[in-house]
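> Numbering-wise (my numbering), the sequence shown opens with residue -18 and increments by one.
Quick reminder that beta carbons are idealized off the backbone N, C-alpha and C, glycines included.
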Amino acid sequence: MFENDYIMRLLYDVIRTLKKLIFKTNEENGEVTETDAQAAEDFKRLSSLIDEGKINEAENLLTEEMEAENPKAFQIALLFYEYLNSKDNDFLEDNDFSRREISDGLKYAAGLYGYSSMIDALLANAGDD
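#1: Nearest to residue 1 by CA position, among 43, 98 and 56, is which residue?
#2: On the three-pair Cβ rule with 8 Å, is the segment 14 to 34 touching the segment -16 to -1?
#3: Classify residue 63 as buried or exposed, calling it buried when 16 or more other Cβ atoms lie within 10 Å of its own Cβ.
#4: Using only CA atoms, which one of 84, 89, 75 and 53 lies nearest to residue -7?
#5: Would you report the Cα separation of residue 50 and residue 44, rounded to the nearest angstrom?
#6: Have a look at residue 78 and residue 28 and give me their C-alpha separation to the nearest angstrom.
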């Protein structure tokens, strides 16, 4: 339980740092300031699937967008994993998903967009390389 809480906080900090460095987030509320309408709609659709417990389906759709080299997809990925990470452990367990899978998905997304060394450095303290 404590390990999951630690991983949750670590992932939150990593995502927040990436959003600040790459997308120049608003310091006060942490939101991405330049989200276009399509990216916002895509995120809304993915977050709805998460809420319905269709996490794997949502992640598959996100992966398709990232592999299509959609430039907004990394921004959406950060929002996706941030939202997913905000879910409690019971919700994740009930839907066969783990914090480790969130970390792995985040690493995959960062790697596709050339940020793998940054994510590795930020996650170095987690001991899950």
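The structure says:
#1: 56
#2: no
#3: buried
#4: 84
#5: 10 Å
#6: Taking C-alpha positions only, residue 78 is separated from residue 28 by approximately 15 Å.
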